[in-house]
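Start counting at 1 in the sequence shown, then tack on 1294, and there's your number in the numbering used here.
C-beta atoms are modelled at their ideal positions from N, C-alpha and C, and glycine is treated no differently.
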Amino acid sequence: MKKYLYMKFILAIILLGLLGFSAISLAGGKLVQEHVETVYSEELYREASYIAQDPLIRSYRTIDNQATVYKDLCTLSAYQNSSIWLISAKGEILLDTSSAFIKEDFPVIKGFNPGQTSGSYYETGFFFHEFQEEHLSVMVPVTLNMRVQGYVAMHLPMTSLYEQRDEFLNILYLLFFLFLLIMMAIIPVFSLMIYRPLRTIIQGADAFASGNLEYNIPLEKEDEMGYLAMTLNYMSDELEMTGNYQKKFIANVSHDFRSPLTSIKGYTEAILDGTIPPELQEKYLKIVVHETDRLYKLTQSLLTLNNLDERGRQLDYSSFDINNIIKRTAETFEGICREKRISIELLLTGQTLLVHADMGQIQQVLYNLIDNAIKFSPEDSVIKVESTLKHETVFISVKDMGCGIPKSSISKIWDRFYKIDSSRGKDRKGTGLGLAIVKEIINSHKQNINVISTEGVGTEFIFTLSKSKEEP
1295 MKKYLYMKFI LAIILLGLLG FSAISLAGGK LVQEHVETVY SEELYREASY
1345 IAQDPLIRSY RTIDNQATVY KDLCTLSAYQ NSSIWLISAK GEILLDTSSA
1395 FIKEDFPVIK GFNPGQTSGS YYETGFFFHE FQEEHLSVMV PVTLNMRVQG
1445 YVAMHLPMTS LYEQRDEFLN ILYLLFFLFL LIMMAIIPVF SLMIYRPLRT
1495 IIQGADAFAS GNLEYNIPLE KEDEMGYLAM TLNYMSDELE MTGNYQKKFI
1545 ANVSHDFRSP LTSIKGYTEA ILDGTIPPEL QEKYLKIVVH ETDRLYKLTQ
1595 SLLTLNNLDE RGRQLDYSSF DINNIIKRTA ETFEGICREK RISIELLLTG
1645 QTLLVHADMG QIQQVLYNLI DNAIKFSPED SVIKVESTLK HETVFISVKD
1695 MGCGIPKSSI SKIWDRFYKI DSSRGKDRKG TGLGLAIVKE IINSHKQNIN
1745 VISTEGVGTE FIFTLSKSKE EP
């Protein structure tokens, strides 16, 4: 952008000035001229009508004091800055305030025809060629006993109107130039409040586009520009976090895939080339199966998370008995619990407890939490799964008697691939994705999940579900 926006703003003001000046000169001059003509013609017509109604004017030829009437009209004419004529029906100019008083040998207007008008109560021109320059003329009939005795005409030189028009236009020009000066004064304000902040924001956007997500737009304003800068800074921080997360994600996936693949490749090659004798092959084939199972679980977990993201958390809501789901899920761990001598104790509220949720995903949550509890529970211990109802909300708790979670790790356990110990988990089959999946599913239901843990005592996960409004 550089200074393009600034120059465009200045050019817009210049163009506005030229257009405004042209509009005032052309359209404005014509409109003002029409306005001035209308105002003066109405005033002249009104005065001419008053004069025409005067009894002395109606009987002008028969009265003796014609000179007095002439002087009165001359006074009025001087006040109006116009000339007043008294015209007979035959076109004789009986009285003309711009000429000397006469009582006989009246001049006659050639071609005088009062019916030939422009269709208006006034007209501009030379009034039957009686003037050398244009005049604004109005003419009112003088009637006596329903008969037209003559006409009162008033004439005003157009130069007087042009002077009035020019005075109006000069005022308009002055106001317009003052407006332009105000607009020019806005340019520094525009530069300070809009152009400079916008240029700063664009520089930041260019930095973000070039990959410098650590750049922070230095704009602290409490207006729309400041809000835009703050939003872009927040966006860059989120993008940087996303980039770091992607790098960490790829590193974790690579690590978790590389270790079992290395074991599978090494043991398989050793069996094929005879390094491992036949009597030990079954042992190492079991290790290969074990590592393959690890890869399968990791792949399934990744697919689950990907599906949650792709589906935009579109849930298949239904009403179902959460107690029944807890029982069925616990039954799937019967074999491994028997091996580790771990018992699962169910503390369920009521015979049935209906909830409104996605049954398949909630079953996945229970499976991951119970599986996690078994992994970190010692032998001869008890895992408690409990369902309770409080204020139309169902609380599900999974509590173990394992090693517990350090306080420093509580906030990190929901991160993908996070494992508490540096050896990436005591259970080599762990993927570090189970709790991340649990968090995604519970959040997609707009519910809450919390963890309470004490090192050396155990861990308890508690999540909520909406109680179904259907009757059991």
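Asked: In DSSP terms, what L1640 is bridged to; Found: V1679
Asked: V1436 to L1389 span [Cα, whole Å]; Found: 14 Å
Asked: Beta-carbon contacts of T1418 that lie in its chain and below 8 Å, excluding the five residues immediately before and after; Found: E1331, E1428, H1429, L1430, S1431 and M1452
Asked: Local conformation of L1647 per DSSP, three classes; Found: coil
Asked: For T1623, three-class secondary structure by DSSP; Found: helix
Asked: P1401 vs I1387 beta-carbon contact at 8 Å; Found: yes
Asked: Classification of P1482 by the beta-carbon crowding that lies within 10 angstroms, buried from 16 upward; Found: exposed
Asked: Counted within 10 angstroms of its Cβ, other Cβ atoms place N1359 as buried (16 or more) or exposed; Found: exposed
Asked: Range covered by the beta strand (DSSP E) that runs through H1429; Found: H1429 to L1438
Asked: Residues near Y1416 in its chain [Cβ-Cβ closer than 8 Å; skip 5 each side]; Found: E1331, S1335, L1338, Y1339, L1430, S1431 and V1432
Asked: Among T1556, I1544 and G1498, nearest to Y1528 - alpha-carbon criterion; Found: G1498
Asked: First through last residue of the beta strand (DSSP E) which encompasses D1366; Found: Counting along the chain, D1366 falls outside any beta strand (DSSP E), though it belongs to the alpha helix (DSSP H) covering Q1360 to Q1374.
Asked: Sequence-distant residues of the same chain with beta carbon closer than 7 Å to L1640, five excluded per side; Found: I1620, K1621, A1624 and V1679
Asked: Rounded straight-line distance, which links the Cα of K1761 to that of V1692; Found: 19 Å
Asked: Proximity test, Cβ basis, 8 Å: I1746 and chain C; Found: Among the protein chains of the structure shown there is no chain C, as only one such chain exists.
Asked: Backbone CA spacing between F1420 and W1379 [nearest angstrom]; Found: 14 Å
Asked: Through-space distance from F1627 to K1634, alpha-carbon basis; Found: 11 Å
Asked: Simplified DSSP state of Q1443, which is helix, strand or coil; Found: strand
Asked: Cβ contact check for the stretch 1611-1620 and the stretch 1579-1592: 3 or more pairs under 8 Å; Found: no
Asked: C-alpha distance - K1580 paired with Y1611, whole-angstrom precision; Found: 41 Å
Asked: Sub-8 Å separation of A1383 and V1442 beta-carbons; Found: yes
Asked: Neighbour-count burial assignment, G1750, 16 or more Cβ in a 10 Å radius; Found: exposed
Asked: For A1730 and K1740, the rounded distance between their alpha carbons; Found: 15 Å
Asked: Pairwise C-alpha distance: S1319 and N1439; Found: 50 Å
Asked: Neighbourhood of S1371 by C-beta distance below 7 Å, restricted to the same chain and skipping five residues each side; Found: S1377, I1378 and T1391
Asked: Pairwise C-alpha distance: T1646 and F1755; Found: 22 Å
Asked: Residue nearest to F1315 in terms of C-alpha spacing, selected from E1461, L1474 and S1504; Found: L1474
Asked: CB of G1644 within 8 Å of CB of D1694, strictly; Found: no
Asked: Nearest-angstrom Cα separation, counted from L1312 out to I1396; Found: 56 Å
Asked: Backbone secondary structure at E1508 - three-state DSSP; Found: coil
Asked: Cβ-Cβ distance between I1664 and S1671 below 8 Å; Found: no
Asked: Span of the alpha helix (DSSP H), counted from its first residue to its last, around V1659; Found: M1653 to K1669
Asked: Limits of the alpha helix (DSSP H) - the one that Y1339 falls within; Found: G1323 to A1346
Asked: Cutoff 7 Å; reference K1763; Cβ partners in own chain excluding five residues on either side; Found: none
Asked: Simplified DSSP assignment, three categories, for Y1456; Found: helix
Asked: Length of the line joining the Cα atoms of D1721 and K1541; Found: Low confidence applies to D1721: its pLDDT is 48, below 50, so where it sits in the model is not reliable, and the reading given next is rough at best. Answer to the nearest angstrom: the Cα atoms are 25 Å apart.
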